[in-house]
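Each remark here refers to the structure printed beneath this line.
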Amino acid sequence: MRDFRDAKAMAKTLREALHAKSVALTNSESQELVARILGYRDWNVLAARIQATQLSATSVQANTPFPAGADIPIVPMRDMVLFPHMISRIFVARDKTRQAVEHALFGDRRVVVVAQRRSDDDRPSTLDALHPVGVVANVVDRQTQVDGALKVTVCGLQRTGIVRLTDGKFLAAEVAPIEEQSGQSTEATALSSAVLDAYQNYAEVDFSALPPGSKARFGLPSIGDPSLLADTVAPLLSTSLEQKQQLLETRDVVTRLERLIELMSAGRPKAVA
């Protein structure tokens with residue numbers, strides 16, 4: 001069965017089918033239609049998702065996510081926690097972070113995305129200025145905005161601890177991969193169903209009302225890998241940056257799933273009028 005990774009082939013098939021009925025579409029028009037059909041805002045968003053998946057698969061196959069003895073450029077974030085498997089567009093304005101992104105693009109495209117402790121810190125360059133756990137990510141693409149800022153799409157790969165910093169033209173880190181615990185346990189599998197049920201109540205969404213296979217289109221989690229489920233749900237919650245960072249730093253998957261259920265049981269924060 002085709003999914004979003006087959007989007008280019010689907011666009012070609014659509015264009016040919018409509019041409020046979022004397023309806024002419026350009027390549028870009030057919031791609032935009034397929035993107036909408038698959039639930040994405042436009043072709044650019046869908047193309048970034050496809051490329052991120054390909055890059056992530058390549059990293060897994062290579063089995064060398066952390067080059068020995070290499071420092072990986074750091075992208076410090078003021079107000080976001082990136083999770084493994086998460087695809088996000090971020091804006092880069094600080095010169096050192098721009099240099100870090102450009103260096104990554106000329107190399108293996110890897111960066112360490114990590115939340116800084118204080119959002120008003122313009123030069124987080126010490127271990128104390130950053131949280132101790134971030135995520136190694138692939139830089140999928142980057143675009144320069146009218147105001148000069150970079151819009152960068154990143155795809156999270158794996159949790160990592162920051163061991164040492166190097167402050168030069170850009171900030172870089174020596175990192176240590178974090179191995180998860182209890183990810184394939186019977187308890188984690190059982191908790192996955194409870195997390196999904198809690199998310200339906202939290203987000204007020206009825207999964208049973210969605211067409212089969214459509215959850216991914218709407219960015220919704222599904223049961224499968226308990227660790228992947230936890231890391232899919234975590235960024236969807238309306239919780240504080242500190243709470244998200246705690247989830248990122250929790251290497252035991254069972255504990256992470258239990259914490260997610262606690263957070264969702266508390267409900268969404270009430271809006272202030």
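Numbering (the UniProt record's numbering), first residue to last: 1 to 273.
The C-beta atom is built at its ideal place from N, Cα and C for all residues, glycine as well.
All values reported here derive from a predicted model rather than from experimental measurement.
Distance between beta carbons of residue j and residue i, contact taken as under 8 Å
i: residue 119; j: residue 78; result: 4 Å
i: residue 226; j: residue 189; result: 6 Å
i: residue 111; j: residue 139; result: 6 Å
i: residue 192; j: residue 257; result: 7 Å
Exposed unless 16 or more other CB atoms sit within 10 angstroms - verdict on residue i
i: residue 180; result: buried
i: residue 74; result: buried
i: residue 24; result: exposed
i: residue 146; result: exposed
i: residue 156; result: buried
i: residue 186; result: exposed
Limits of the unbroken beta strand (DSSP E) element including residue i
i: residue 91; result: 87 to 92
i: residue 150; result: 150 to 167
i: residue 143; result: 133 to 144
i: residue 109; result: Neither: residue 109 is in no beta strand (DSSP E) and is coded neither H nor E.
Sub-8 Å separation of residue i and residue j beta-carbons
i: residue 268; j: residue 238; result: yes
i: residue 106; j: residue 151; result: no
i: residue 115; j: residue 245; result: yes
i: residue 154; j: residue 137; result: yes
i: residue 87; j: residue 173; result: no
i: residue 131; j: residue 231; result: no
i: residue 261; j: residue 195; result: yes
i: residue 101; j: residue 82; result: no
Neighbourhood of residue i by C-beta, 6 Å cutoff - its chain only, sequence neighbours within 5 removed
i: residue 28; result: none
i: residue 68; result: Below a pLDDT of 50, predicted positions are generally treated as unreliable, and residue 68, at 44, falls in that range; the measurement from the model is reported next regardless. No residues qualify anywhere along the chain.
Cβ neighbours of residue i in the same chain (closer than 7 Å, five flanking residues each side left out)
i: residue 263; result: 237, 239, 243
For residue i, the first and last residue of its enclosing alpha helix (DSSP H)
i: residue 29; result: 27 to 37
i: residue 16; result: 7 to 20
i: residue 261; result: 253 to 265
Residues near residue i in its chain [Cβ-Cβ closer than 8 Å; skip 5 each side]
i: residue 14; result: 25, 30, 33, 34
i: residue 184; result: 226
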